[in-house]
Amino acid sequence: MPCGAARRPGPPGGRGGEAAAGRPEPLSTAEAPAEGAALPAWMRLYFYGMHGITLDVLVSSARRFARSPDPRMLGFSSPYRCLLHSLTHLALEKVYLQKRRCPSALVFHFLLYPSAHVGLQTLAGQALLLSLGGGPGSAGAPGALDLALQYLLALYHSQVFLKRFLCLRYRRRQQQQQQQQPRLGAPPAPPGARAPAAAGGRRRRPRGPRGTEGTPSRGLPDLLRFLFFGMHGFLDEIFFTFFFNVLGQGDGATSGHTSLWSFFMYGSCSFVVEKLYFHLHYSRGWSTWKRVPIYVVFIYVWELSWGLGLRTCGACSWDYSHYPLNFMGLITLMYLPGWIFLSVYQDLLSNVLWRVQYLPAN
């Protein structure tokens with residue numbers, strides 16, 4: 001839905017009605033091109049780090065598969081690179097926002113921005129190699145293929161990613177409550193609740209985060225939510241395997257690993273768990289600790305099902321046979337605390353994502 005493409009009905013007659021008809025208004029304060037509607041800096045850093053890890057995994061997996069085809073499709077990154085991606089993406093965002101000052105869009109998108117992107121990413125990569133203990137000789141100059149890849153990534157950033165990412169808007173809690181507040185002066189509804197019934201003052205049980213008057217019902221579209229959860233799955237696995245390797249190998253570990261299949265496994269699992277959250281919390285009123293056991297059981301069933309399917313193709317990237325309390329080497333109760341934590345965190349993510357909207361530019 002284009003930003004501000006719809007307008008509210010004005011008075012039936014008079015100059016006020018004509019002015020209202022000729023002046024489009026946004027559907028809500030969240031969709032207004034307000035200065036405070038952009039994503040907060042901490043949220044952009046979070047997205048940028050997660051997006052950078054996703055690119056690391058895709059590139060490293062493609063390179064590894066080209067050298068030695070492996071159906072597991074393993075990819076690599078690290079928390080260090082996540083931090084660097086957050087900072088460099090934020091700096092490149094500032095560069096991207098200066099595009100209107102350039103008289104030629106062609107020069108900016110195909111020369112100026114790619115130059116800044118390639119230079120900054122090269123410096124960040126060299127700094128990371130040096131900080132991890134490599135000598136000056138280990139941080140050699142990038143080759144022609146590396147520079148070409150960075151140039152292509154720069155085009156992707158300016159033409160695809162940032163162009164759409166900067167269309168995201170964040171509804172503050174106050175804006176959200178004002179949007180859901182009925183016109184007759186009733187108190188604001190909680191996030192995700194329906195408006196109270198008009199007759200008799202009786203309130204209806206909330207049935208999920210649905211807006212009124214045509215406003216977006218769940219913030220981001222389902223496809224973008226799936227992409228977010230898939231990328232977050234990469235983030236989870238990279239961090240988990242990195243710290244697991246650090247505890248097991250000491251200072252020798254510099255990266256974590258994941259599989260491209262994890263994107264679809266985590267994305268689909270989190271997507272369904274979010275639907276469970278909306279149903280159990282808003283329709284049934286279940287508390288967190290009543291919902292978490294349902295989440296955990298579903299996660300274990302999902303992991304087992306995916307593991308069985310991937311194992312038949314030789315593409316399963318995990319094996320818990322050496323752990324106690326495992327079943328078929330595909331699931332283990334040793335990871336139960338981690339799944340409980342991620343289940344609770346999932347609810348927090350869903351609450352935040354519900355306040356994020358994608359408003360494509362005209």
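First residue of the sequence shown? That's 1 in the UniProt record's numbering, and the numbers climb one at a time after it. Where a beta carbon is used, it is the ideal one built from N, C-alpha and C, also for glycine.
Between the C-alpha atoms of residue i and residue j, what's the straight-line distance to the nearest angstrom?
| i | j | result |
| --- | --- | --- |
| Arg81 | Gly52 | 8 Å |
| Arg64 | Met73 | 8 Å |
| Ala124 | Leu39 | 25 Å |
| Thr332 | Asp70 | 25 Å |
| Ala66 | Gln357 | 38 Å |
| Arg101 | Phe161 | 20 Å |
| Pro191 | Pro293 | Only weak support exists for where Pro191 lies, its pLDDT of 48 falling under 50; the coordinates are left without a value. |
| residue 364 | Val59 | Because the chain spans 1 through 362 in this model, residue 364 falls outside it and cannot be assessed. |
| Ala21 | Ala361 | Reliability of the predicted coordinates at Ala21 is poor, the pLDDT of 43 falling under 50, and no value is obtained from them. |
| His85 | Ser115 | 17 Å |
| Phe341 | Leu224 | 24 Å |
| Leu92 | Leu155 | 12 Å |
| Ser158 | Leu87 | 17 Å |
| Leu97 | Trp354 | 26 Å |
| Arg105 | Lys163 | Strictly speaking, residue 105 in this sequence is Ala, with Arg absent from that position. Each residue's alpha carbon lies about 13 Å from the other. |
| Leu304 | Lys275 | 20 Å |
| Phe327 | Asp222 | 33 Å |
| Pro142 | Leu149 | 11 Å |
| Phe226 | Ala41 | 23 Å |
| Arg311 | Phe108 | 47 Å |
| Leu325 | Tyr335 | 10 Å |
| Trp286 | Gln346 | 15 Å |
| Tyr295 | Ala37 | 33 Å |
| Tyr170 | Thr122 | 32 Å |
| Leu299 | Ser68 | Note that residue 299 is Ile in the sequence shown here, rather than Leu. If I take the Cα positions, the gap works out to 32 Å. |
| Glu31 | Phe47 | Model confidence at Glu31 stands at a pLDDT of 37, short of 50, so the residue's coordinates are unreliable; what they give is reported in the following sentence. Distance between the alpha carbons of Glu31 and Phe47: 21 Å. |
| Leu112 | Ala315 | 42 Å |
| Ser77 | Arg291 | 33 Å |
| Glu237 | Trp289 | 25 Å |
| Asn245 | Pro103 | 50 Å |
| Met43 | Ser350 | 14 Å |
| Gly309 | Leu132 | 38 Å |
| Ser262 | Leu330 | 14 Å |
| Val344 | Lys99 | 41 Å |
| Val297 | Phe271 | 15 Å |
| Ala323 | Phe165 | The identity of residue 323 in the sequence shown is Tyr, whereas the question assumes Ala. Near 41 Å, if we compare the C-alpha coordinates of Phe165 and Tyr323. |
| Arg172 | Cys313 | 46 Å |
With 16 other CB atoms within 10 Å as the buried threshold, where does residue i fall?
| i | result |
| --- | --- |
| Leu247 | exposed |
| Gly49 | buried |
| Gly219 | buried |
| Gly307 | buried |
| Arg284 | exposed |
| Thr54 | buried |
| Leu120 | buried |
| Leu152 | exposed |
| Phe243 | exposed |
| Val352 | exposed |
| Leu241 | According to the sequence shown, residue 241 is Thr rather than Leu. Its Cβ being crowded by 16 or more others within 10 Å, Thr241 is buried. |
| Val301 | exposed |
| Val273 | buried |
| Arg15 | Annotation note: pLDDT 44 at Arg15 (below 50); position unreliable, no value reported. |
Under DSSP, the alpha helix (DSSP H) around residue i begins and ends at which residues?
| i | result |
| --- | --- |
| Tyr320 | It is not in any alpha helix (DSSP H) - Tyr320 carries neither H nor E in the DSSP assignment. |
| Gln346 | Leu336 to Leu353 |
| Val160 | From DSSP, Val160 is part of no alpha helix (DSSP H); its letter is neither H nor E. |
| residue 384 | The shown model of the chain, from 1 to 362, leaves out residue 384, and the question about it has no answer. |
| Trp302 | Thr288 to Thr312 |
| Asp70 | That residue, Asp70, is in no alpha helix (DSSP H); it is neither H nor E in DSSP. |
| Leu155 | Ala144 to Tyr156 |
| Gly125 | Tyr113 to Ser131 |
Am I right that residue i and residue j are in contact with their C-beta atoms under 8 Å? What's the rounded C-beta distance?
| i | j | result |
| --- | --- | --- |
| Gly75 | Val57 | 3 Å |
| Leu147 | Val118 | 6 Å |
| Leu90 | Leu145 | Leu90 to Leu145, Cβ: 27 Å. No contact. |
| Leu260 | Ser61 | 5 Å |
| Leu359 | Cys167 | 5 Å |
| Phe239 | Pro79 | 6 Å |
Between which two residues does the beta strand (DSSP E) holding residue i run?
| i | result |
| --- | --- |
| Thr258 | Gly256 to Ser259 |
| Leu90 | Leu90 -> not in any beta strand (DSSP E); alpha helix (DSSP H) instead, spanning Pro79 to Tyr96. |
| Tyr358 | Val356 to Tyr358 |
### Query
Touching or not, the segment 118 to 134 and the segment 306 to 325, by the rule of three or more beta carbon pairs under 8 Å?
Touching, no, given that fewer than three Cβ pairs across the two stretches are closer than 8 Å.
### Query
Are three or more beta carbon pairs between the segment 255 to 264 and the segment 278 to 289 nearer than 8 Å?
Remark: fewer than three beta-carbon pairs, one from each stretch, lie closer than 8 Å, so the segment 255 to 264 and the segment 278 to 289 are not flagged as touching.
### the segment 229 to 243 / the segment 258 to 267 touching (three or more Cβ pairs under 8 Å)
The answer is yes - the segment 258 to 267 touches the segment 229 to 243, with three or more Cβ pairs under 8 Å.
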